[in-house]
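Novice: According to my numbering, the sequence shown is numbered sequentially starting from 62.
Even for Gly, the Cβ is constructed at its ideal location relative to N, Cα and C.
These numbers were taken from a predicted model, which means no experiment stands behind them.
The structure that follows is given in the form of C-alpha coordinates.
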Amino acid sequence: MLAAILKDLEGQPSILHLLRSYQGKLEKDALPGNPWLAKLAWLFKHGQAINLNGHHYGITLVLKQGDYPFGGILNLLWGQTVGPVSPWAGKSFKLAAKATLTRYTEGAEAGKLPTFRGINCFNRVARSFWNTTGIEFMTFWVGLKDAPPSERKRYGYERKGGFFIARAAESVDPMNAGKKVLQLNYRWPKLGNPPPLSYLIDELVEIADGLYLGQLLFAADILTAYEPHRPSADYKYANWGYFLLMDGAWHRRGTL
(Lines of atoms letter the chains of each structure in order from A; the text may use other names.)
(Lines give C-alpha, C1' and ligand atoms only; values in the text may rest on other atoms or scores of the structure.)
Protein backbone atom coordinates (compact mmCIF):
# COMPACT_ATOMS: atom_id res chain seq x y z
CA MET A 62 0.00 0.00 0.00
CA LEU A 63 2.84 2.42 0.80
CA ALA A 64 4.27 1.93 -2.69
CA ALA A 65 0.88 2.77 -4.23
CA ILE A 66 0.54 5.93 -2.12
CA LEU A 67 4.07 7.05 -2.99
CA LYS A 68 3.24 6.49 -6.66
CA ASP A 69 0.13 8.66 -6.27
CA LEU A 70 2.28 11.34 -4.61
CA GLU A 71 4.46 11.71 -7.69
CA GLY A 72 3.69 15.03 -9.36
CA GLN A 73 1.72 16.33 -6.38
CA PRO A 74 3.05 19.48 -4.63
CA SER A 75 2.42 17.95 -1.18
CA ILE A 76 0.58 15.22 0.71
CA LEU A 77 -2.26 17.73 1.26
CA HIS A 78 -2.74 18.03 -2.49
CA LEU A 79 -2.62 14.24 -2.77
CA LEU A 80 -5.39 13.90 -0.19
CA ARG A 81 -7.40 16.56 -2.03
CA SER A 82 -7.13 14.37 -5.13
CA TYR A 83 -8.43 11.40 -3.13
CA GLN A 84 -11.29 13.62 -1.97
CA GLY A 85 -12.27 14.30 -5.58
CA LYS A 86 -12.29 10.60 -6.43
CA LEU A 87 -14.31 9.73 -3.32
CA GLU A 88 -16.97 12.29 -4.20
CA LYS A 89 -17.78 10.04 -7.17
CA ASP A 90 -17.43 6.66 -5.45
CA ALA A 91 -17.15 5.94 -1.72
CA LEU A 92 -18.45 2.37 -1.75
CA PRO A 93 -16.76 -0.28 0.42
CA GLY A 94 -13.72 -1.75 -1.30
CA ASN A 95 -12.84 1.56 -2.96
CA PRO A 96 -9.00 1.78 -3.25
CA TRP A 97 -8.96 5.41 -2.08
CA LEU A 98 -10.75 4.47 1.14
CA ALA A 99 -8.20 1.70 1.63
CA LYS A 100 -5.37 4.23 1.24
CA LEU A 101 -6.91 6.57 3.83
CA ALA A 102 -7.32 3.61 6.19
CA TRP A 103 -3.64 2.72 5.71
CA LEU A 104 -2.51 6.30 6.37
CA PHE A 105 -4.61 6.42 9.53
CA LYS A 106 -3.29 3.09 10.75
CA HIS A 107 0.31 4.34 10.41
CA GLY A 108 -0.27 7.85 11.81
CA GLN A 109 1.12 8.99 15.14
CA ALA A 110 -0.81 9.93 18.28
CA ILE A 111 -0.65 13.63 19.21
CA ASN A 112 -2.23 16.30 21.39
CA LEU A 113 -3.74 19.42 19.85
CA ASN A 114 -4.38 22.85 21.30
CA GLY A 115 -5.80 25.97 19.70
CA HIS A 116 -7.62 26.29 16.36
CA HIS A 117 -7.04 23.91 13.45
CA TYR A 118 -8.56 24.28 10.00
CA GLY A 119 -10.57 21.39 8.58
CA ILE A 120 -11.44 19.65 5.32
CA THR A 121 -13.97 16.85 4.93
CA LEU A 122 -12.47 14.08 2.78
CA VAL A 123 -15.37 11.63 2.66
CA LEU A 124 -18.51 10.95 4.67
CA LYS A 125 -20.19 7.62 4.09
CA GLN A 126 -23.87 6.83 3.84
CA GLY A 127 -25.54 3.72 5.14
CA ASP A 128 -28.32 1.93 6.96
CA TYR A 129 -27.02 2.08 10.54
CA PRO A 130 -29.24 3.39 13.34
CA PHE A 131 -29.87 7.08 12.65
CA GLY A 132 -28.70 6.37 9.10
CA GLY A 133 -31.40 8.56 7.58
CA ILE A 134 -30.52 11.49 9.86
CA LEU A 135 -26.81 11.02 9.24
CA ASN A 136 -27.32 10.89 5.48
CA LEU A 137 -29.34 14.11 5.64
CA LEU A 138 -26.73 15.80 7.83
CA TRP A 139 -23.93 14.62 5.57
CA GLY A 140 -25.73 15.87 2.47
CA GLN A 141 -25.97 19.32 4.02
CA THR A 142 -22.50 19.29 5.59
CA VAL A 143 -20.52 18.03 2.62
CA GLY A 144 -22.35 19.82 -0.24
CA PRO A 145 -20.39 21.58 -2.99
CA VAL A 146 -19.16 24.18 -0.46
CA SER A 147 -19.03 22.59 3.00
CA PRO A 148 -19.77 24.86 5.98
CA TRP A 149 -17.53 22.82 8.32
CA ALA A 150 -14.29 24.78 8.80
CA GLY A 151 -12.33 22.98 11.55
CA LYS A 152 -12.06 22.44 15.29
CA SER A 153 -10.75 24.41 18.25
CA PHE A 154 -9.16 22.85 21.35
CA LYS A 155 -8.55 24.34 24.79
CA LEU A 156 -6.81 22.65 27.71
CA ALA A 157 -9.55 21.79 30.20
CA ALA A 158 -9.30 22.66 33.88
CA LYS A 159 -10.19 19.98 36.41
CA ALA A 160 -13.43 21.81 37.27
CA THR A 161 -14.43 21.75 33.59
CA LEU A 162 -13.81 18.00 33.38
CA THR A 163 -15.77 17.39 36.57
CA ARG A 164 -18.67 19.39 35.16
CA TYR A 165 -18.87 17.63 31.81
CA THR A 166 -17.72 14.10 32.68
CA GLU A 167 -19.04 13.96 36.26
CA GLY A 168 -15.58 13.09 37.53
CA ALA A 169 -14.86 10.25 35.09
CA GLU A 170 -12.06 12.30 33.51
CA ALA A 171 -9.60 13.54 36.13
CA GLY A 172 -7.09 15.22 33.81
CA LYS A 173 -4.25 12.81 34.58
CA LEU A 174 -3.43 13.05 30.86
CA PRO A 175 -3.59 16.39 29.00
CA THR A 176 -7.31 16.72 28.30
CA PHE A 177 -9.04 19.32 26.14
CA ARG A 178 -12.52 20.72 25.64
CA GLY A 179 -13.18 21.32 21.98
CA ILE A 180 -15.78 22.57 19.55
CA ASN A 181 -16.44 22.49 15.81
CA CYS A 182 -16.32 25.62 13.67
CA PHE A 183 -18.45 26.51 10.65
CA ASN A 184 -18.19 29.12 7.91
CA ARG A 185 -20.82 30.79 5.76
CA VAL A 186 -20.17 31.45 2.05
CA ALA A 187 -22.96 33.83 1.05
CA ARG A 188 -22.64 33.11 -2.68
CA SER A 189 -23.18 29.37 -2.15
CA PHE A 190 -26.77 28.17 -1.76
CA TRP A 191 -25.59 24.77 -0.49
CA ASN A 192 -23.26 26.28 2.06
CA THR A 193 -25.91 28.68 3.37
CA THR A 194 -28.50 25.91 3.50
CA GLY A 195 -26.05 23.59 5.24
CA ILE A 196 -25.06 26.02 7.97
CA GLU A 197 -28.68 26.95 8.68
CA PHE A 198 -29.62 23.27 8.88
CA MET A 199 -26.72 22.61 11.27
CA THR A 200 -27.68 25.67 13.33
CA PHE A 201 -31.18 24.28 13.74
CA TRP A 202 -30.14 20.68 14.43
CA VAL A 203 -26.94 21.08 16.48
CA GLY A 204 -27.60 24.52 17.99
CA LEU A 205 -24.68 26.45 16.50
CA LYS A 206 -23.85 29.78 18.12
CA ASP A 207 -22.23 32.88 16.63
CA ALA A 208 -18.44 33.00 17.04
CA PRO A 209 -16.92 36.01 18.85
CA PRO A 210 -15.85 38.82 16.48
CA SER A 211 -12.17 38.29 17.39
CA GLU A 212 -12.32 34.63 16.28
CA ARG A 213 -14.23 35.51 13.09
CA LYS A 214 -11.54 38.02 12.16
CA ARG A 215 -8.59 35.76 12.98
CA TYR A 216 -9.80 32.38 11.69
CA GLY A 217 -12.67 33.15 9.31
CA TYR A 218 -15.38 30.95 10.83
CA GLU A 219 -18.74 32.40 11.86
CA ARG A 220 -20.47 29.80 14.04
CA LYS A 221 -19.50 27.13 16.57
CA GLY A 222 -21.15 24.03 17.98
CA GLY A 223 -20.78 20.34 18.70
CA PHE A 224 -18.68 20.01 21.88
CA PHE A 225 -16.25 17.20 22.67
CA ILE A 226 -13.71 16.16 25.29
CA ALA A 227 -10.33 15.15 23.78
CA ARG A 228 -7.41 13.15 25.18
CA ALA A 229 -5.03 10.35 24.24
CA ALA A 230 -6.71 6.94 24.21
CA GLU A 231 -6.82 3.61 22.43
CA SER A 232 -8.91 3.49 19.28
CA VAL A 233 -12.51 2.28 19.56
CA ASP A 234 -12.33 1.20 15.91
CA PRO A 235 -12.22 -2.62 15.69
CA MET A 236 -9.89 -2.25 12.68
CA ASN A 237 -7.39 -0.29 14.81
CA ALA A 238 -7.72 -2.07 18.16
CA GLY A 239 -4.99 -0.99 20.57
CA LYS A 240 -3.79 1.91 18.41
CA LYS A 241 -2.99 5.15 20.27
CA VAL A 242 -5.00 8.11 18.97
CA LEU A 243 -6.29 11.48 20.06
CA GLN A 244 -9.90 10.67 20.93
CA LEU A 245 -12.58 13.35 20.54
CA ASN A 246 -15.54 12.13 22.60
CA TYR A 247 -18.94 13.72 21.93
CA ARG A 248 -20.79 11.14 24.02
CA TRP A 249 -20.72 12.75 27.47
CA PRO A 250 -24.38 13.63 28.25
CA LYS A 251 -23.44 16.89 30.01
CA LEU A 252 -22.01 18.24 26.73
CA GLY A 253 -25.58 18.51 25.48
CA ASN A 254 -24.98 17.16 21.98
CA PRO A 255 -28.16 16.00 20.19
CA PRO A 256 -28.36 12.69 18.32
CA PRO A 257 -26.56 11.62 16.23
CA LEU A 258 -23.58 13.60 17.62
CA SER A 259 -24.18 12.02 21.01
CA TYR A 260 -23.19 8.66 19.43
CA LEU A 261 -19.96 9.99 17.85
CA ILE A 262 -16.28 9.57 18.64
CA ASP A 263 -13.69 11.20 16.35
CA GLU A 264 -10.11 9.94 16.31
CA LEU A 265 -7.04 11.84 15.08
CA VAL A 266 -3.46 10.94 14.17
CA GLU A 267 -0.62 12.99 12.71
CA ILE A 268 0.43 12.04 9.15
CA ALA A 269 2.84 14.96 8.53
CA ASP A 270 4.12 17.79 10.71
CA GLY A 271 1.04 19.93 11.41
CA LEU A 272 -1.30 17.76 9.29
CA TYR A 273 -3.76 15.37 10.94
CA LEU A 274 -6.03 12.65 9.56
CA GLY A 275 -9.26 11.98 11.42
CA GLN A 276 -11.96 9.35 11.27
CA LEU A 277 -15.57 9.48 12.45
CA LEU A 278 -16.91 6.52 14.41
CA PHE A 279 -20.59 6.22 15.27
CA ALA A 280 -22.01 3.69 17.71
CA ALA A 281 -24.29 1.22 15.93
CA ASP A 282 -25.73 0.17 19.30
CA ILE A 283 -27.75 3.23 20.29
CA LEU A 284 -29.77 1.51 23.01
CA THR A 285 -26.87 0.84 25.38
CA ALA A 286 -26.29 3.90 27.56
CA TYR A 287 -22.82 5.40 27.30
CA GLU A 288 -20.53 4.41 30.16
CA PRO A 289 -16.89 5.51 29.87
CA HIS A 290 -15.41 2.35 31.39
CA ARG A 291 -17.54 -0.06 29.38
CA PRO A 292 -15.69 -1.99 26.61
CA SER A 293 -15.96 -0.05 23.35
CA ALA A 294 -16.88 -3.29 21.56
CA ASP A 295 -20.26 -3.15 23.32
CA TYR A 296 -21.22 -0.10 21.24
CA LYS A 297 -20.25 -1.57 17.83
CA TYR A 298 -18.51 1.54 16.50
CA ALA A 299 -18.38 1.84 12.72
CA ASN A 300 -16.32 4.14 10.49
CA TRP A 301 -18.41 6.80 8.75
CA GLY A 302 -15.66 8.76 7.03
CA TYR A 303 -12.43 10.74 7.14
CA PHE A 304 -11.45 14.38 7.56
CA LEU A 305 -8.30 16.49 7.80
CA LEU A 306 -7.20 19.02 10.39
CA MET A 307 -4.22 21.28 9.76
CA ASP A 308 -2.27 24.15 11.27
CA GLY A 309 -2.12 27.63 9.74
CA ALA A 310 0.92 26.87 7.58
CA TRP A 311 -0.83 23.94 5.85
CA HIS A 312 -4.02 25.99 5.53
CA ARG A 313 -2.18 28.77 3.71
CA ARG A 314 -0.40 26.23 1.52
CA GLY A 315 -3.66 24.53 0.61
CA THR A 316 -5.38 27.76 -0.42
CA LEU A 317 -2.63 28.92 -2.78
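#1: How is glutamate 197 classed by DSSP in three states: helix, strand or coil?
#2: Which same chain residues, not among the five before or five after proline 255, have their C-beta less than 7 Å away from its C-beta?
#3: Excluding five sequence neighbours on each side, which residues of the same chain lie with their C-beta closer than 6 Å to the C-beta of leucine 113?
#4: How should leucine 265 be labelled, buried or exposed, when 16 other C-beta atoms within 10 angstroms of its C-beta is the threshold for buried?
#5: List the residues that DSSP assigns as beta-bridge partners of arginine 228.
#6: Roughly how many whole angstroms lie between the Cα atoms of isoleucine 111 and leucine 80?
#7: Taking aspartate 282 as part of the beta strand (DSSP E), name the residues at either end of that continuous run.
#8: Which stretch, first to last residue, makes up the alpha helix (DSSP H) that contains arginine 215?
#9: Kindly indicate the opening and closing residues of the beta strand (DSSP E) around leucine 113.
#10: Can you give me the C-alpha to C-alpha distance between leucine 124 and alanine 65, rounded to a whole angstrom?
#11: Would you give the residue range spanned by the beta strand (DSSP E) that arginine 291 belongs to?
#12: Any idea if glycine 179 is buried or exposed, counting beta-carbon neighbours within 10 angstroms, 16 or more meaning buried?
#13: DSSP three-state label for glycine 85, please.
Specialist: From the atom records:
#1: The sequence position of residue 197 within the sequence shown is 136, counting from 1. It is helical.
#2: Stepping through the sequence shown from its first residue, residue 255 is reached at position 194. Closer than 7 Å at the Cβ level, and outside the excluded window around proline 255, lie Trp202, Val203.
#3: In the sequence shown, residue 113 corresponds to position 52, counting from 1. Contacts found: Phe154.
#4: Your numbering for residue 265 matches position 204 in the sequence shown. So leucine 265 ends up on the buried side.
#5: Mapped onto the sequence shown, residue 228 falls at position 167. Answer is Gln244, bridged to arginine 228.
#6: Sequence index remark: in the sequence shown, residue 111 carries index 50 (1-based). Sequence index remark: in the sequence shown, residue 80 carries index 19 (1-based). Their Cα atoms are separated by approximately 20 Å.
#7: Translated into positions along the sequence shown, residue 282 becomes position 221. Taken as a continuous stretch (DSSP letters only), aspartate 282 belongs to no beta strand (DSSP E), as it is neither H nor E.
#8: Walking along the sequence shown from the start, residue 215 turns up at place 154. First-last of the alpha helix (DSSP H) with arginine 215: 210-216.
#9: On the sequence shown, position 52 is the one that residue 113 refers to. Looking at the DSSP string, leucine 113 is not in any beta strand (DSSP E), and its letter there is neither H nor E.
#10: For the purposes of this step, residue 124 is taken as the residue at position 63 of the sequence shown. For the purposes of this step, residue 65 is taken as the residue at position 4 of the sequence shown. Looking at the two C-alpha atoms, the distance is approximately 23 Å.
#11: Start at 1 with the first residue of the sequence shown, and residue 291 comes out as number 230. In the DSSP annotation of this structure, arginine 291 is not part of any beta strand (DSSP E), being labelled neither H nor E.
#12: Stepping through the sequence shown from its first residue, residue 179 is reached at position 118. Glycine 179 comes out buried.
#13: For the purposes of this step, residue 85 is taken as residue 24 along the sequence shown, with counting starting at 1. Three-state DSSP puts glycine 85 in a helix.
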